[in-house]
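Chemist: In case it helps, my numbering puts the sequence shown at residues 1194 to 1790.
This is the structure I have questions about; it appears just below.
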Amino acid sequence: FDNPASVSDWPARQLTYNYLVSVNAWLLIFPCDLCCDWTMGTIPLVESTSDPRNLATLATYTVIIALVYTAFTTSNRTKRIVVIMSLGLTVLPFLPASNMFFPVGFVVAERVLYMPSMGFCMLVAYGLGLIIDKCKSRLVLIAVAVIMVTHIMKTYTRNWDWSSEYAIFTSGLKVNKLNAKLYNNVGHALEAENRFQEALAYFHKAVSVQHDDIGAHINVGRTYNHLKMYKEAENAYLEAKSLLPKAKPGESYQARIAPNHLNVLLNLANLIAKNQTRLEEADMLYRQAISMRSDYTQAYINRGDVLLKLNRTKEAQEVYERALFYDTDNPDIYYNLGVVLLEQGKHSQALAYLDKALEFDPDHEQALLNSAILLQELGQANLRKLAEKRLLRLLSNGQKNERVFFNLGMLAMDEGDVPAAEHWFRQAILIKEDFRAALFNLALLLADDHRPLQAAPFLNQLVRFHPDHVKALILLGDIYINNIKDLDAAENCYQRILQLDPDNTQGMHNLCVVYVERGLLKEAETCLQKAHLMAPHEDYIVKHLKIVQNRLHAKQTPNQLNEGRPDSKEIRKTEKDTTRPDTNLKSDTKPSTLSLS
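Right, here's the structure in full:
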């Protein structure tokens, strides 16, 4: 609890409340140990009348009573006015923070002393004036000067404590070592700088200081998650979950759970959902969170994502629609509904939801990207400009995602703008050198633009990262035959294709071309016969087989064969339909729903 005394029994509550008055008075008199957070266990409870700290309480009230008595009994009008004004400025602004009328959410708060410090300074100034009048010693002036200099130095050094979150919270730990919140805040500051190991040490310290602090256990679990120590993260979340208050008969469970503490269920479910075999378990946790708080939007969103992974798209749609009931302005929910409808093949409805997400958040990255892809998929020329506009908006927002560049390239290809398409594909590859689709489509673009020698390096790069890319191997073999004249390399490409797919007709046919180029007509005949068996209805294979057989039957000499052998461009068939850029969403570019953690 931020204010432990507020939930304590008599007499600890009353004794502690009164002792806190003396603590605040001491901060005015001697502001040495300053702290940004005095909540939780910073000041131990005063639990009995025998506690020696009660003497400080008596001393404080004695001084206040003496000042009040002086104010109303003195015959000196000036003195009366000064004391009354000083007490008024000191006491009255402090009363709301004194727990007198209602419990406050802190133990001590230095900010509530701003107004009281004005009254206190008036008392000090008036008292110094009286001392100087009665005692003309230079020692008094020296003492005043020392006090002023030390306070100036304290103010200056204190300003440095506020230079950063890390500095202010670590300075607090020098004063209060029993405040779990301070350890948590230092951990958060380190976490923001990605210093997770150091942050973890502070979160563990917070747990040791206050074991029942659910937030500290959540912080430990989250940090373990960042460090990819998933088993330890799960254990920390389970410990936090065990600390959640249990339901009591006849009492609303929802009202008894702090909203931020429900994050433990969300974080635990998110962690478990990474394991595809535990999706049902994650779904159960999301449902538990929703049962505790029916308007828990994040739980609905993440549960919908799990239901999609379980192929329960209809349920996912219902969950997102329920989330919209509680949060009608959330663009993430509209985006996720769009993804669900994409899964169901309802492209027009999906686009409507993606557009709705952009209505609430015009810079929603996922909605901009996937709506642009969907607009392109619809194949309507009038929608390409809108798709391009959305992709360019992502770039203007500093989004350097390789998929943005790739889809701009695809749009440029659809428009026939070869230079622009080449530029965008190259940008995508600069960001992700193993980008399968960008590498292939750039190579195809260059080959179709009669620049096969420029295409070859990109094809080699593609098959280095993706040795099973059949289309790239076919196109690369084509370039080796027709442009580079490296028949061995071409044969390796086609042999590789047949290893990957023994029934690949195009790979088999183009291997036959290599034999023709080498003058090995008998091997070419055997090869084409195999290709014919694989695809008996392909006329071009039958035609080319007859050409080779005619040459063999004519029993030509090698020179005659060179003169009459069909050109490889004539005998080879490159199926353009199989090497055209594929604009469909692939498994690695498929839009995913947004999960909140």
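Cβ coordinates follow ideal geometry from the N, Cα and C atoms, glycine included.
1) Sort 1348, 1718, 1392, 1197 by Cα distance to residue 1416 and report the nearest one.
2) Assuming the contact rule is C-beta atoms closer than 8 Å, residue 1284 and residue 1263 should be a hit. Round their C-beta distance to whole Å, please.
3) Taking the alpha helix (DSSP H) that residue 1309 falls in, what are its first and last residues?
4) Can you list, in chain order, the residues of its chain whose CB lies under 7 Å from that of residue 1593, leaving out five sequence neighbours each side?
5) Between residue 1602 and the rest of its own chain, which residues show a CB-CB distance below 6 Å, the 5 nearest in sequence each way excluded?
6) Answer yes or no: do residue 1214 and residue 1250 have a C-beta to C-beta separation smaller than 8 Å?
7) How should residue 1206 be labelled, buried or exposed, when 16 other C-beta atoms within 10 angstroms of its C-beta is the threshold for buried?
8) Taking Cβ to Cβ, would you say residue 1256 is nearer than 8 Å to residue 1208?
9) If you check the beta carbons only, do residue 1745 and residue 1710 fall under 8 Å apart?
10) Pull up the distance between the alpha-carbon of residue 1334 and that of residue 1354, whole angstroms please.
11) Can you tell which of 1223, 1472, 1713 has its C-alpha closest to the C-alpha of residue 1344?
12) Here's the rule I'm using: 16 or more other beta-carbon atoms within 10 Å means buried, otherwise exposed. How should residue 1485 be labelled?
13) Determine the DSSP secondary structure at residue 1525, reduced to helix, strand or coil.
14) Pull up the distance between the alpha-carbon of residue 1684 and that of residue 1670, whole angstroms please.
15) Using the C-alpha atoms, what's the distance from residue 1652 back to residue 1716?
16) Is it true that the CB of residue 1699 sits closer than 8 Å to the CB of residue 1134?
17) Does chain C have any CB closer than 8 Å to the CB of residue 1218?
18) What is the rounded straight-line gap between the Cα of residue 1648 and the Cα of residue 1558?
19) If we count the other Cβ atoms within 10 Å of its Cβ and call it buried at 16 or more, is residue 1577 buried or exposed?
20) According to the Cβ coordinates, are residue 1561 and residue 1536 closer than 8 Å?
21) According to DSSP, simplified to helix, strand and coil, what is residue 1203?
22) Give the range of the alpha helix (DSSP H) segment to which residue 1385 is assigned.
23) Look at the Cβ atom of residue 1544, then the Cβ atom of residue 1564, and state whether they are nearer than 8 Å.
24) Which ranges would you report for the alpha helix (DSSP H) in the stretch 1457-1511 if only whole runs of at least 4 residues count?
25) Taking buried to mean at least 16 other C-beta atoms within 10 Å of its own C-beta, is residue 1596 buried or exposed?
26) Hey, quick one: how far does the alpha helix (DSSP H) through residue 1265 stretch, first residue to last?
27) Excluding the five sequence neighbours on either side, which residues of its own chain have a C-beta within less than 8 Å of the C-beta of residue 1752, listed in chain order?
28) In its own chain, which residues sit with a C-beta less than 8 Å from the C-beta of residue 1309, not counting the 5 before and 5 after it?
29) Cβ atoms of residue 1550 and residue 1513: under 8 Å apart, would you say?
30) In or out: residue 1516 buried (at least 16 other Cβ within 10 Å) or exposed?
31) If you follow the alpha helix (DSSP H) that residue 1350 is in, where does it begin and where does it stop?
32) Near residue 1260, which residues of its chain fall below 7 Å by C-beta distance, leaving aside the five closest residues on each side in sequence?
33) Alpha carbon to alpha carbon, what distance is there between residue 1540 and residue 1534?
34) Might you give, ordered along the chain, the residues of its own chain that have their beta carbon closer than 6 Å to the beta carbon of residue 1590, omitting 5 neighbours on each side?
35) Rounded to the nearest angstrom, what separates residue 1723 and residue 1701 at their Cα positions?
Modeler: So, from the listed chains and residues:
1) 1392
2) Not confirmed; about 14 Å, so no contact.
3) 1307-1327
4) 1624
5) Excluding five sequence positions before and after residue 1602, the CB atoms of its chain that fall closer than 6 Å to its own CB belong to 1614, 1617, 1618, given in chain order.
6) yes
7) buried
8) The Cβ-Cβ distance between residue 1256 and residue 1208 does not fall below 8 Å.
9) No, these two residues do not count as a Cβ contact at 8 Å.
10) About 31 Å.
11) With distances taken between Cα atoms, residue 1344 lies closest to 1223.
12) Residue 1485 comes out buried.
13) helix
14) Approximately 7 Å between the Cα atoms of the pair.
15) 28 Å
16) The structure shown has nothing for residue 1134, since the chain only spans 1194 to 1790.
17) The structure shown contains no chain C; it is built from a single protein chain.
18) Cα to Cα, residue 1648 sits roughly 32 Å from residue 1558.
19) By the neighbour-count definition (other C-beta atoms within 10 Å, threshold 16), residue 1577 is a buried residue.
20) One thing to note: residue 1561 has its Cβ no nearer than 8 Å to the Cβ of residue 1536.
21) Reduced to three states, the DSSP call for residue 1203 is coil.
22) 1373-1385
23) yes
24) 1472-1485, 1490-1502
25) Flag for residue 1596 reads buried.
26) 1247-1266
27) Its pLDDT being 40, under 50, residue 1752 is placed unreliably in this model, and the value from its coordinates should be taken loosely. Result list for residue 1752: empty, nothing under 8 Å.
28) 1217, 1221, 1282, 1283, 1284, 1286, 1287
29) no
30) buried
31) Boundaries of the alpha helix (DSSP H) around residue 1350: 1331-1354.
32) Within the same chain, residue 1260 has close Cβ partners 1276, 1280.
33) 7 Å
34) 1556
35) 8 Å
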